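J.: Below is the structure I would like to discuss, written out as structure tokens.
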Amino acid sequence: MLNNLELEQIIDQKLNSKAIADYAPNGLQVEGRQTVKKIITGVTATLPLIEKAIEKQADAILVHHGYFWKSENPCIRGMKGKRIKQLLVNDINLYGYHLPLDIHPELGNNARLAQQLGIVELAGLEDKPNSIPVWGALETPVSAQELAQRLEHILQRKPIVCDEFVADYPQKMIKTVGICTGGGQGYIDLAAAKGIDAFISGEISEQTTHSAREQGIYYFACGHHATERDGIKALGEWLAKEYGLSVEFIDIDNPA
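Numbering (numbering that gives the first Met the number 0), first residue to last: 0 to 255.
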């Protein structure tokens, strides 16, 4: 077991969260009981996830998408009020880690997906520390169709693929790949500017198709939720292994 504030310090140090600017606070967002033995992990701190944690008598919930985003109404009412009320009434701690869990080189969403795809020599796509998107090379080049099949197998979600606009399609093989899980589709332009063959993210916007079409880059949209399940699972598994905590991942599926 751990003290709830001690647990926050452990995760902060592991993810280097204090050094990363973000759109929401990282760490302990809603304080509950002091002692943490059982943790429920999940992608987003939804009411169904909280209800599962209550059912399983968890001391804490650890998520990728927590609360108190910069653009949201700060009032605790409506949907947010119902969620937070259940946490407070049941004395459950809520920890949220957003960008630190996307970009961590070992446990991060980007790194985990790259590892499963067989991408090596992973590096930041942005020319600055703590780059959000990353890129690397496949050990063996693959076709767009094969990469789409790999993604579907890994994520259990059929990706939306922009490929027919690439010159020499379908003969052109994919060697270099950029990744930004979740809502990272805007980084496609940076990937194209750096001459990367393909870019993977969770979402697709209207303009993403035009970027792929006009810049000749393969694009794969694999689902925001689907691309961000593995990081929080990995963090929970690390805590269980290193500190002997009882940790269970619960997937509240989201088709987006």
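Glycine included, each C-beta is placed from N, C-alpha and C at the ideal position. Everything numeric in this text was worked out from a predicted model, so none of it was measured.
For Y217, report the span of its alpha helix (DSSP H) as first-last.
T.: In the sequence shown, counting from the first residue as 1, residue 217 sits at position 218. Premise fails: Y217 lies in the beta strand (DSSP E), Y217 to A220, not in any alpha helix (DSSP H).
J.: Skipping 5 residues on each side, what residues in its chain have a beta carbon closer than 7 Å to that of K81?
T.: To locate residue 81, count along the sequence shown from 1; it is residue 82. If we look at K81 and ignore the five residues flanking it on each side, its Cβ neighbours are L46.
J.: Would you call the segment 154–166 and the segment 212–224 in contact, with 3 or more CB pairs under 8 Å?
T.: Under the three-pair Cβ rule at 8 Å, the segment 154–166 counts as touching the segment 212–224.
J.: CB-CB under 7 Å to R111, same chain, minus the five flanking residues each way: which ones, in chain order?
T.: Within the sequence shown, residue 111 is the residue found at index 112, counting from 1. Within the same chain, R111 has close Cβ partners D229, G230 and A233.
J.: Between the segment 100–119 and the segment 76–92, do three or more beta carbon pairs fall short of 8 Å?
T.: no
J.: What span of residues does the beta strand (DSSP E) with E120 cover, start to end?
T.: As a first step, residue 120 must be located in the sequence shown, where it is residue number 121. From DSSP, the beta strand (DSSP E) with E120 extends over I118 to G123.
J.: In or out: V119 buried (at least 16 other Cβ within 10 Å) or exposed?
T.: To locate residue 119, count along the sequence shown from 1; it is residue 120. Answer is exposed; the Cβ neighbour count stays below 16.
J.: Per DSSP, which residues does I159 bridge with? Please list them.
T.: Position 160 of the sequence shown, counted from the first residue, corresponds to residue 159. Paired residues: A220.
J.: So V42 and H63 are in contact, right, with Cβ under 8 Å, and what is the actual spacing, rounded?
T.: As a first step, residue 42 is located in the sequence shown; it is residue number 43 there, counting from the start. As a first step, residue 63 is located in the sequence shown; it is residue number 64 there, counting from the start. H63 and V42 do touch by the CB rule: their CB atoms are close to 5 Å apart, below 8 Å.
J.: Is the beta carbon of G31 closer than 8 Å to that of A59?
T.: Position 60 of the sequence shown, counted from the first residue, corresponds to residue 59. Position 32 of the sequence shown, counted from the first residue, corresponds to residue 31. Cβ atoms of A59 and G31: closer than 8 Å.
J.: With 16 other CB atoms within 10 Å as the buried threshold, where does Q184 fall?
T.: Counting from 1 along the sequence shown, the entry for residue 184 is found at position 185. So Q184 counts as buried.
J.: What do you reckon, are the CB atoms on A44 and L93 nearer than 8 Å?
T.: The residue you call residue 44 lines up with position 45 of the sequence shown. The residue you call residue 93 lines up with position 94 of the sequence shown. Against a cut-off of 8 Å, the Cβ pair of L93 and A44 comes out as a contact.
J.: Within 10 angstroms of the Cβ of C179, are there 16 or more other Cβ atoms? Answer buried if so, exposed if not.
T.: Taking the first residue of the sequence shown as position 1, residue 179 is located at position 180. The residue is buried, with at least 16 neighbouring Cβ atoms inside 10 Å.
J.: Kindly identify the DSSP beta-bridge partner or partners of V62.
T.: Position 63 of the sequence shown, counted from the start, is the residue given in the question as residue 62. Note: V62 sits in a beta bridge opposite G41 and G95.
J.: For I38 versus G235, is the C-beta spacing smaller than 8 Å?
T.: In the sequence shown, residue 38 corresponds to position 39, counting from 1. In the sequence shown, residue 235 corresponds to position 236, counting from 1. For the 8 Å CB-CB criterion, I38 and G235 form a contact.
J.: May I have a chain-ordered list of the alpha helix (DSSP H) segments no shorter than 4 residues that lie completely inside the segment 152–198?
T.: Correct list: 187–192.
J.: Is the CB-CB distance between G194 and G182 below 8 Å?
T.: Locating residue 194 in the sequence shown gives position 195, where the first residue counts as 1. Locating residue 182 in the sequence shown gives position 183, where the first residue counts as 1. No, Cβ-Cβ distance for G194 and G182 is not below 8 Å.
J.: Would you identify the three-state DSSP class for W237, choosing helix, strand or coil?
T.: Translated into the one-based positions of the sequence shown, residue 237 becomes position 238. Correct three-state label for W237: helix.
J.: Is the beta carbon of E227 sitting closer than 8 Å to the one on N108?
T.: Position 228 of the sequence shown, counting from 1, holds the residue named residue 227. Position 109 of the sequence shown, counting from 1, holds the residue named residue 108. Closer than 8 Å, so yes.
J.: The alpha helix (DSSP H) with S210 in it runs from where to where?
T.: Your numbering for residue 210 matches position 211 in the sequence shown. That run of the alpha helix (DSSP H) goes E205 to Q214.
J.: Which same chain residues, not among the five before or five after T175, have their C-beta less than 6 Å away from its C-beta?
T.: The residue you call residue 175 lines up with position 176 of the sequence shown. Counting only Cβ-Cβ distances below 6 Å, and skipping sequence neighbours, we find A136, I195 and D196.
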